[in-house]
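So the sequences go chain by chain: Z and E. Using numbering that gives the first Met the number 0, count along the first sequence one by one with no gaps and you end on 177. Using numbering that gives the first Met the number 0, count along the second sequence one by one with no gaps and you end on 205. Everything below concerns the one structure shown next.
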Amino acid sequence: MKCHDLDSLAIEYLDGALDTPARAPVEAHLAVCGDCAARLRGLAGVSQLLDSWQDIRPSASFDFRLQQKMNSPAASSTSWRDRLSLWWFFLPFSRPALAGAMLAVILSAVAVIQFYPGGIHSGWQATIVSSGTDSTLVAAGLADGNDELALYAELPVLENWELLSNFEVLQEMKGTTP
Amino acid sequence: MDAVAVGSVGAASAVKGTVNDADLMLRVKEGDEHSFADLLSRHRDPVVNFLYRMVQNSAVAEELAQDVFLRVYRARHTYAPSAKFTTWLYCISTNVALNHLRDGRRARHTEALDDPDSSVARVLRSPEPTVEEHMVADSLGWEVRRAVQELPDKQRAAVLLHKYQELDYRQIAAALDCSESAVKSILFRAYEALREKLKHLAGSRA
């Protein structure tokens, strides 16, 4: 046993909570390591010092004040946070296990969104397809994997925009606008 | 709602000591208020003292202890004897104490405790000389108290649950919401820190 191995066993050793097979190497190490033996004596000394901290007695009105609070209407109502934390304690499985399960569900949901065949957006586009003819062309093109730029070039509104932007009469009219 | 007489000594008190905490709590769940009085008489002092050592103010500790027993009472319908009653009780007590300490730190960001006009100081100050003020005269007690106070909240709770409440590692783990091995590690670091802070007192009580 090395000195740092004692760290994880020191408190259990002092509590007498180690069984014989675990206690034997600790005692063997303490017999040859003066530093560790002194350290454990120091820890035992801390426990003795803590004994000097005397208990206090609750005030005589403690039960009466509690009784008043329990008889108030507020005593029967519990906030949702309190109910959740108290219910949480009695779950049949450990809290880390539940947290892990919730994380797994969230990760699965993210994975489905990211890696769903065709992407989740294609579903949204399918909805658009049914709502108008122009949109139908665009959506169908995108769904087929065609070049987006080629699709934009075929759009009537873009053609009109190109025509209008190069229409010299309009350019001149812009210049005369006050 | 029927009035609850927590201070009354009921028939259940006659068998106090023979009925375990979980059975008493199940009776409370069935509506037996005297069993709650018995539970209170068993655990009032230990819970108050645990909270007193956590917050180091007797008046605040009593208020927090009342909050703990109120929560126990309110949760009587959801109680299930799947764990020891004391584990559940100190889980609630530890949460109440840690929340109070966290909220207190938040308040101190905006308001200094030593400001005599601060609302935080007004809330915390008891009109009577407190037990802790009497302890100032006791140098040994004061130094021990200060050393414990300087521990991080979780280490402090672990040491108090281990040393004074005599909870086992599994119970402390439940109260602190961590593993048993983490508890052993927290306890070792806490006792090591105390040993370092109190080494000048070594042998004074040996």
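We treat Cβ as the ideally placed atom computed from N, Cα and C, and that holds for glycine. All values reported here derive from a predicted model rather than from experimental measurement.
Any C-beta of chain Z under 7 Å from that of residue i
i                 : result
Ser138 of chain E : no
Phe84 of chain E  : no
Ser201 of chain E : Checking the sequence shown, residue 201 of chain E turns out to be Ala, not Ser. Yes, Ala201 of chain E lies at the interface with chain Z (some Cβ there is under 7 Å from its Cβ).
Lys153 of chain E : no
Val182 of chain E : no
Leu197 of chain E : yes
Arg43 of chain E  : yes
Leu186 of chain E : yes
Leu193 of chain E : yes
CB contact below 7 Å: residue i versus chain E
i                 : result
Met191 of chain Z : Coverage of chain Z is limited to positions 0 through 177, which leaves residue 191 of chain Z absent and any answer about it impossible.
Leu102 of chain Z : no
Ser65 of chain Z  : Per the sequence presented here, residue 65 of chain Z reads as Leu, with Ser not at that position. Interface residue, yes.
Gly99 of chain Z  : no
Met0 of chain Z   : no
Ile112 of chain Z : no
Any chain B beta carbon closer than 7 Å to residue i
i                : result
Leu38 of chain E : Included in the structure are the protein chains Z and E, with no chain B among them.
Bridge partner(s) assigned by DSSP for residue i
i                 : result
Val109 of chain Z : BP columns for Val109 of chain Z are empty, so no partner.
As assigned by DSSP and simplified to three states, the class of residue i
i                 : result
Met101 of chain Z : helix
Lys68 of chain Z  : helix
Met24 of chain E  : helix
Tyr78 of chain E  : coil
Arg104 of chain E : helix
Ile55 of chain Z  : coil
Gly15 of chain Z  : coil
Ser46 of chain Z  : helix
Leu97 of chain E  : helix
Asp34 of chain Z  : helix
Leu29 of chain Z  : helix
Ser60 of chain Z  : coil
Leu39 of chain Z  : helix
Leu8 of chain Z   : coil
Ala139 of chain Z : Caution is warranted here: a pLDDT of 46 is assigned to Ala139 of chain Z, below 50, making its placement in the model unreliable, and no coordinate value can be reported.
Exercise. Where are the alpha helix (DSSP H) runs, 4 residues long or more, that stay fully inside the region 136-168 of chain E, in chain order?
Worked result: Fully contained in the region 136-168 of chain E are the following alpha helix (DSSP H) runs of length 4 or more, in chain order: 138-148 and 152-162.
Problem set entry | Near-chain E residues of the region 4-23 of chain Z - C-beta to any C-beta below 7 Å | From the region 4-23 of chain Z, only Asp6, Ser7, Ala9, Ile10 and Glu11 have a Cβ closer than 7 Å to chain E.
Problem set entry | Short-range partners of chain E found in the region 23-57 of chain Z, where Cβ spacing is below 8 Å | Those would be Arg38, Gly41, Leu42, Gly44, Val45, Ser46, Gln47, Leu48, Leu49, Asp50, Ser51, Trp52, Gln53, Asp54, Ile55, Arg56 and Pro57, in chain order.
Exercise. For the region 48-60 of chain E, which residues have a CB atom closer than 9 Å to at least one CB atom of chain Z, in sequence order?
Worked result: Against chain Z - using a Cβ distance shorter than 9 Å - the residues of the region 48-60 of chain E are Asn48, Tyr51, Arg52, Ser57, Ala58 and Ala60.
Problem set entry | Within 8 Å of chain Z by C-beta, residues of the region 62-78 of chain E in sequence order | Answer set for the region 62-78 of chain E: Ala64, Gln65, Phe68, Leu69, Arg70, Tyr72, Arg73, Ala74, Thr77 and Tyr78.
Exercise. What residues in the region 140-169 of chain E have a beta carbon less than 7 Å from any beta carbon of chain Z?
Worked result: Here the close residues are Gly140, Val143, Arg144 and Lys162.
Exercise. Between the region 90-104 of chain E and chain Z, which residues of the former have a C-beta closer than 9 Å to a C-beta of the latter?
Worked result: From the region 90-104 of chain E, only Cys90, Ile91 and Asn94 have a Cβ closer than 9 Å to chain Z.
Exercise. Residue ranges of each beta strand (DSSP E) run of no fewer than 3 residues wholly in the region 29-71 of chain E, ordered along the chain?
Worked result: Uninterrupted beta strand (DSSP E) stretches at least 3 residues long and entirely within the region 29-71 of chain E do not occur.
For this session: Give, in chain order, every unbroken run of the beta strand (DSSP E) that is at least 3 residues long and sits entirely within the region 166-201 of chain E.
Result: Scanning the region 166-201 of chain E from its first residue to its last, no whole beta strand (DSSP E) run of 3-plus residues comes out.
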